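For the sequence shown, the positions run 5 to 495 when our numbering is used.
Think of the CB as a built atom: it goes at the ideal place given N, C-alpha and C, for glycine as much as any other residue.
Here the structure is a predicted model, which means the values were calculated and not measured.
Notes follow the structure.
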Amino acid sequence: MNLIPLYPEIFLLFATCAILLVDMFLSDTKRCVTYVLVIAALAIGAALSAIDVYFGTTVYTFNNMFVSDPMSSLLKVFSCVAVMMTLIYSRQYATQRGMINGDLGGEFYVLALFTLLGQMVMISGNNFLIIYLGLELMSLSLYALIALQRGRPVATEAAMKYFILGALASGFLLYGISLLYGATGSLDLTEVAKVTAAGTVKTIVLVFSIVFLVAGLAFKLGVVPFHMWVPDVYQGAPTAVTLLLGGAPKLAAFAIFIRLLVEGLLPRAIDWQQMLMVLAVLSMAVGNIAAIAQTNLKRMLAYSTISQMGFVLLGLLSGVVNGNLFAGVGAYSSAMFYMITYVLTTLGTFGGIMLLARSGFEAENLEDFKGLNQRSPWFAFVMLILMFSLAGIPPMAGFYAKFSVLQAVLGTGQIWLAVVAVLFSLIGAFYYLRVVKLMYFDEALDTAVITVGRDMRIVLSINGVAVLLLGLMPGPLMSACWTAIAKTLSS
5 MNLIPLYPEI FLLFATCAIL LVDMFLSDTK RCVTYVLVIA ALAIGAALSA IDVYFGTTVY
65 TFNNMFVSDP MSSLLKVFSC VAVMMTLIYS RQYATQRGMI NGDLGGEFYV LALFTLLGQM
125 VMISGNNFLI IYLGLELMSL SLYALIALQR GRPVATEAAM KYFILGALAS GFLLYGISLL
185 YGATGSLDLT EVAKVTAAGT VKTIVLVFSI VFLVAGLAFK LGVVPFHMWV PDVYQGAPTA
245 VTLLLGGAPK LAAFAIFIRL LVEGLLPRAI DWQQMLMVLA VLSMAVGNIA AIAQTNLKRM
305 LAYSTISQMG FVLLGLLSGV VNGNLFAGVG AYSSAMFYMI TYVLTTLGTF GGIMLLARSG
365 FEAENLEDFK GLNQRSPWFA FVMLILMFSL AGIPPMAGFY AKFSVLQAVL GTGQIWLAVV
425 AVLFSLIGAF YYLRVVKLMY FDEALDTAVI TVGRDMRIVL SINGVAVLLL GLMPGPLMSA
485 CWTAIAKTLS S
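In structure tokens:
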């Protein structure tokens, strides 16, 4: 059996177990050793995945249950980088709140690595059961992370909400898988695609299975009407865990949308595209309108996430036009580019929240950002770049991401859908620009000196500059996304 395609996952598993053992023998004063080992493990994991991106080959193993292809390798690189940046941003925040010292030890780091391992398995799953196993590994780790601060009732409540609704979504997904298995006789995505293309399965069974699959996937992406958990969990969870939840998992969710709907159920695209259209419009409407009324920045960003995921769905539903896949590569690569740039922007935004947080102070309300330019002009400028990017203002990466998705939508001939997306983007610009107004035109309520580690300052600065450069020079990343999707769909 060929284990080479699994090298990133195998390495990450052994590294996580080794770090867990090492951490048991470390005192709180030496917890920095765990931190260094985790960052090194993530860097090596990203490098192993980058090697696969370089060679650009598609390899199946474990009886076609696991696949390593250009799309999975590229998403794994960004997943490793996203988790690495999250942990760098979270180090001081988690230490001050007792999440990586005392009785808890290094569990925060280990659970974060297990979350990443689940995402990597999801991204490379070519079988319904493998995808589900990766999903549950990721979800169970996130449940534990959200409730990690046991003495904080709001975090425990958020974990309970996420757990109960997550179990419901898993039930939807499993029921859809069981219907599809009963109809096609296989859990292998390649076989499912062949059987559905042959037209030997009753349409009603396929449609019902697609409904439940889309419902389960929509919950993981946090789109309307499966969004109920997003604002409460984003606000209730510790900010470090909110970033683990709202960053890298979005890349895995994008991957399973491509695996299940595009690679597995492409012959029934006419059914799931209509469902995604409804979800996209509702998400952009509810997300942008509800965000205006929020005073808590984490809650505002939660509704922002809902609207941004609606834009991703626009790209996913624009791949097949009148039964032809000729626009597929462009549409799916634009959705992939959008997701990657969104994750990078979200990382920086929550990094800004943790930048201002200190022991006993969360800095998660809008008024906490008043006068940031007076306290730190550079980091105010970084937050300005990130807010402009989320709003889709040129020349930030978010503008080009929205532009490429709208191009894909116009390619389907659905001009009304593009107009609706633009209108809701204009509404959404209000609450992003409100943060900029608070930073630059209001008097600071808090004049405390911003004290964070050098590693966080450097990475947050690089993050902001990267979002700007990806808007000015989007070509390399867009080309990488286009190549990855084209090679994956042709294999």
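query                                                                                                                                                                : result
Classify Val-158 as buried or exposed, calling it buried when 16 or more other Cβ atoms lie within 10 Å of its own Cβ.                                               : exposed
Can you give me the C-alpha to C-alpha distance between Glu-267 and Leu-493, rounded to a whole angstrom?                                                            : 7 Å
Helix, strand or coil: which one does DSSP assign to Val-325?                                                                                                        : strand
Which residues in the same chain have their Cβ closer than 7 Å to the Cβ of Phe-341, if we skip the five residues on either side of it in sequence?                  : Ala-405, Ser-408, Leu-481, Met-482 and Cys-485
Would a C-beta distance cut-off of 8 Å place Met-400 and Val-316 closer than the cut-off?                                                                            : no
Looking at the unbroken alpha helix (DSSP H) that takes in Gly-76, where does it start and where does it end?                                                        : According to the sequence shown, residue 76 is Ser rather than Gly. Note, Ser-76: alpha helix (DSSP H), 74-100.
Let me know the alpha helix (DSSP H) ranges lying completely inside the stretch 321-398, each 4 residues or longer, listed in chain order.                           : 332-360, 376-379 and 381-395
Which first and last residues belong to the alpha helix (DSSP H) in which Val-228 is found?                                                                          : No alpha helix (DSSP H) contains Val-228, which DSSP labels as neither H nor E.
Can you tell which of Phe-373, Ile-23 and Ser-77 has the C-alpha that lies nearest to the C-alpha of Pro-9?                                                          : Ser-77
Taking the alpha-carbon of Met-75 as reference, which of Tyr-39, Asn-300 and Asn-130 has the nearest alpha-carbon?                                                   : Asn-130
Is the CB-CB distance between Tyr-166 and Tyr-147 below 8 Å?                                                                                                         : yes
In the structure shown, what three-state DSSP assignment does Val-71 receive?                                                                                        : strand
Could you give the DSSP three-state label for Thr-65: helix, strand or coil?                                                                                         : strand
How many Å lie between Phe-29 and Phe-385 at the Cα?                                                                                                                 : 42 Å
With 16 as the cutoff for other CB atoms within 10 Å, does Gln-278 come out buried or exposed?                                                                       : exposed
Starting from Ser-174, trace the alpha helix (DSSP H) both ways and give me its first and last residue.                                                              : 157-188
Cβ of Gly-220 within 8 Å of Cβ of Gly-180?                                                                                                                           : yes
Locate the alpha helix (DSSP H) running through Glu-195, then write down its first and last residues.                                                                : 193-202
Can you name the residues that DSSP bridges to Asn-130?                                                                                                              : In DSSP, Asn-130 forms no bridge with anything.
What are the start and end residues of the alpha helix (DSSP H) that includes Val-26?                                                                                : 11-28
Grouping DSSP H, G and I as helix and E and B as strand, with all else coil, what is Asn-467?                                                                        : helix
Taking the DSSP output, what are the residues bridged to Asn-300?                                                                                                    : Asn-369
I'd like the list of long-range same chain contacts for Ala-241, defined as Cβ closer than 7 Å, with 5 residues on each side in sequence excluded.                   : Ile-150, Ala-159, Ala-162 and Leu-249
The alpha helix (DSSP H) with Pro-478 in it runs from where to where?                                                                                                : Where Pro-478 is concerned, there is no enclosing alpha helix (DSSP H), given that its DSSP letter is neither H nor E.
At the level of alpha carbons, what is the spacing between Gly-314 and Thr-33?                                                                                       : 45 Å
Tell me the rounded alpha-carbon separation between Val-324 and Cys-84.                                                                                              : 31 Å
The alpha helix (DSSP H) spanning Ala-452 covers which residue range?                                                                                                : Ala-452 -> no alpha helix (DSSP H), and no H or E assigned at all.
Check Gly-417 in the structure and name its three-state DSSP category.                                                                                               : coil
Determine whether the beta carbon atoms of Gly-170 and Leu-141 lie at a separation below 8 Å.                                                                        : no
As a quick exercise: from Ala-425, Ser-94 and Phe-392, pick the residue whose alpha carbon is nearest that of Ser-311.                                               : Ala-425
Just verifying my parser: in three-state terms, what is the DSSP assignment at Glu-447?                                                                              : coil
For Leu-118, I'd like the list of residues in its chain whose CB is within less than 7 Å of its CB, leaving aside the five on either flank, ordered along the chain. : The question names Leu, yet the displayed sequence has Phe at residue 118. Correct list, in chain order: Thr-20, Leu-141 and Ser-145.
Take Leu-301 as the anchor and find which of Leu-280, Asp-372, Met-281 and Phe-261 has the nearest alpha-carbon.                                                     : Asp-372
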